[in-house]
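Residue numbers (UniProt numbering): 1 to 282. Before any comments, here is the structure.
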Ligand code: PAF
């Protein structure tokens with residue numbers, strides 16, 4: 001059975017006992033509402049280390065007041081069952097007071113790779129993510145920590161933070177898990193009505209079409225404009241971005257093709273009240 005602990009002290013005691021026995025530990029930070037994408041991270045961790053710890057904490061600091069913190073799907077019993085079936089050893093499920101005790105005053109301040117795209121659309125987001133992930137890495141002292149490429153910019157920000165702060169952990173990125181029709185799995189897909197869910201496949205389809213067009217010689221900005229138009233035609237009400245970027249630092253690519261550089265197409269768009277994000281290697 002997956003053991004559940006709620007305090008940093010219990011978490012550290014267990015992890016330190018494993019390490020004292022020579023067992024390496026992998027941490028999978030999550031906000032719960034677990035799906036196949038999260039479970040694939042647990043399984044990937046199991047190929048690398050003996051012990052796996054998943055954290056479930058809906059982090060208030062990464063939501064702006066107008067965002068979906070209250071509506072965010074929660075269900076610890078189901079999450080615990082799924083982790084158990086995946087063979088996860090420990091679930092760390094702290095409450096807000098354990099993570100942010102009275103008087104909490106410290107936030108990680110970021111520049112660089114956190115600034116465009118999600119950082120521009122959600123200015124408080126990455127500071128909140130970096131703060132909670134840094135805390136989790138210090139609390140759990142894992143050998144490796146795993147994150148999905150679905151949140152590609154988040155993964156790049158976390159790589160940067162761990163390098164900048166000399167956190168002794170290896171950050172492992174894992175491919176996005178997708179539904180059969182190609183939609184990236186996300187806890188927020190639960191917000192979609194059946195009609196919206198059917199329309200949502202336009203997002204990965206528009207991205208694949210844009211990548212194919214650019215690879216065939218189309219100008220980047222033309223492919224971006226066509227992608228946005230395809231999403232609007234499919235019923236998306238707003239496209240926050242649909243951008244080809246440098247895969248490492250997420251800086252803008254020039255207008256003509258991909259220059260043989262490592263490129264990534266990243267997109268965020270609203271379908272009704274749901275904001276979907278996705279990204280693909282280009
Ligand atoms: O990707 C997520 O679910 C969250 O941003 C994370 C990394 C668990 C931090 O709260």
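We put the CB at the ideal spot given by N, CA and C, even for glycine. As the structure is a prediction and not an experimental result, all values here were calculated from the model.
Judged by the Cβ position, residue 189 fails to qualify as a neighbour of ligand 1 at the 6 Å threshold, every heavy atom of the ligand being at least this far.
Scanning the stretch 40-124 from its first residue to its last, the whole alpha helix (DSSP H) runs of 4-plus residues come out as 76-85, 96-99 and 118-121.
Residues of the same chain with a CB within less than 8 Å of the CB of residue 95, apart from the 5 flanking positions on each side, are 6 in chain order. Ranking 55, 172 and 47 by CA distance to the CA of residue 146 puts 172 first. In the DSSP assignment, the residues bridged to residue 270 are 238 and 275. For the pair residue 263 and residue 253, the CB atoms are nearer than the 7 Å cut-off. The beta-carbon separation of residue 274 and residue 224, rounded to 22 Å, does not stay under the 8 Å limit for a contact. By alpha-carbon distance to residue 231, the top candidate from 281, 64 and 209 is 209. Between the C-alpha atoms of residue 132 and residue 63 there is a straight-line separation of about 12 Å. A distance criterion of 6 Å places the beta-carbon of residue 169 beyond contact range of ligand 1, judged by its closest non-hydrogen atom.
Contact between residue 200 and residue 183 holds, since their C-beta atoms are separated by about 5 Å, short of 8 Å. Put simply, the stretch 86-94 touches the stretch 35-48. At least three CB pairs are less than 8 Å apart. Distance from the CA atom of residue 107 to the CA atom of residue 162, rounded to whole angstroms, is 15 Å. Distance from the CA of residue 15 to the CA of residue 100, rounded to the nearest whole angstrom, comes to 21 Å. For residue 51, the CB contacts under 6 Å within the same chain, skipping 5 residues up- and downstream, are 18, 23, 25 and 89 in chain order.
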